[in-house]
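S.K.: When we follow UniProt numbering, the leftmost residue of the sequence shown carries the number 1, and every step to the right adds one.
Just so you know, even glycine gets a beta-carbon here, dropped at the ideal spot from N, CA and C.
Structure provided below as structure tokens; questions to follow.
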Amino acid sequence: METLADENQDGISPKRFDKSLANDSFDLERRGSTDSTFSLRPSYKQKFKTSVVSPIIQDVLDQRLSNALYDKDQAPGWAHEISQEIKQKLLDLELNRYKYIVNVIIMENKSAGARTQCICAWDQDTDNVAREVFKNDSIVCAVAVFGVCFY
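So, in structure tokens, the structure goes:
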């Protein structure tokens, strides 16, 4: 640990700074560093592709909800678990220049229509969204995953 100050004017003991806590909010070691080139945009192989992300979303939804019956008390927990699992699988793709926003909506299937809408400002060349809908006799689940490149 490093001491930030020996002692302040009031005689209060010095504050301590633990270097291990410095990167708690964003784990660069886990995700690796960004590309080592001077390119502002990711290469084609490192882009967020709907064709890769959509099957991941669908697999998670099929595994988690195929035999589930809607329960209003459990739905928020399911939505959180589904979003975390999808996010973890996306991190495993190692698209190091992307941040992910995973939006999960679970509702009861009453054979009625529903519409969801999102608006986002992004870079049309690098950012993208993947959407999937899961339905069974009692549940409708809509998932949208936004992949936003950071420079």
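Measure the Cβ-Cβ separation of R97 and W78 and say whether it is below 9 Å.
M.R.: no
S.K.: So, using beta-carbon positions, are V143 and I101 closer together than 9 Å?
M.R.: no
S.K.: Give the C-beta separation of V104 and I82 to the nearest angstrom, bearing in mind that I take them to be a contact with Cβ-Cβ under 8 Å.
M.R.: About 5 Å; that satisfies the 8 Å criterion.
S.K.: For R64, which three-state DSSP category applies?
M.R.: Here R64 sits in helix by DSSP.
S.K.: Can S51 and R131 be called in contact, C-beta distance under 9 Å?
M.R.: no
S.K.: Which residue's Cα is closest to the Cα of K72: N128, Q124, C141?
M.R.: If you compare the alpha carbons of N128, Q124, C141 with that of K72, the shortest gap goes to C141.
S.K.: Could you tell me the distance, in whole angstroms, from the CA atom of D127 to the CA atom of K49?
M.R.: 9 Å
S.K.: Can you have a look at Q117 and say buried or exposed, based on whether 16 or more other CB atoms are within 10 angstroms of its CB?
M.R.: exposed
S.K.: Please classify L69 as buried or exposed, where buried requires at least 16 other C-beta atoms within 10 Å of its C-beta.
M.R.: exposed
S.K.: Ignoring anything shorter than 3 residues or poking outside the stretch 41-112, list the beta strand (DSSP E) runs there in chain order.
M.R.: Those beta strand (DSSP E) runs which fall completely within the stretch 41-112 and span 3+ residues are 98-108.
S.K.: How many Å lie between F134 and Q58 at the Cα?
M.R.: 8 Å
S.K.: Just verifying my parser: in three-state terms, what is the DSSP assignment at N128?
M.R.: strand
S.K.: Can you list, in chain order, the residues of its chain with a C-beta nearer than 6 Å to that of I56? Leave out the 5 residues immediately preceding and following it.
M.R.: K89
S.K.: Report yes if the C-beta distance between W122 and V145 is below 9 Å; otherwise report no.
M.R.: no
S.K.: Less than 9 Å separating the beta-carbons of P42 and L93?
M.R.: no
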